[in-house]
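Residue numbers (the numbering used here): 1484 to 1549.
Notes for the one structure printed next.
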Amino acid sequence: CGLHYEIYESCFIGLLRDHLSELNEADANRLRRYAESKGTKIDDASYSEALEAERECRAEIYREQM
């Protein structure tokens, strides 16, 4: 179907982090804890890893299309 988990995960974490930055501290902490309870890590290291996985996935897609 053309969907790739690495791209989805990277975009999801990025959007979640953007949303967290607009919430007050209490709500941001609540949402962060909820996301982590569901297995979504949004710390800097996890986001960096997700971005790298997305880059690798996009590179692989590009190679396959050439």
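Yeah, the Cβ is synthetic: ideal placement off N, Cα and C, and Gly gets one too.
Since the model is a prediction, treat every value here as computed from it, not as a measurement.
Nearest-angstrom beta carbon gap, Leu1506 and Leu1498 [assumed within contact, 8 Å]: No, Leu1498 and Leu1506 are not in contact; Cβ-Cβ is about 13 Å, not under 8 Å.
Status (buried if at least 16 other CB within 10 Å, exposed otherwise) for Glu1543: exposed
Residue range of the alpha helix (DSSP H) that includes Asn1512: Glu1508 to Ser1520
Bounding residues of the alpha helix (DSSP H) (the contiguous stretch that carries Asp1526): Looking at the DSSP string, Asp1526 is not in any alpha helix (DSSP H), and its letter there is neither H nor E.
Local Cβ density within 10 Å of Ser1481, reported as buried at 16 or more and exposed below that: This structure gives no information on residue 1481, because the portion of the chain shown stretches from 1484 to 1549.
As assigned by DSSP and simplified to three states, the class of His1487: coil
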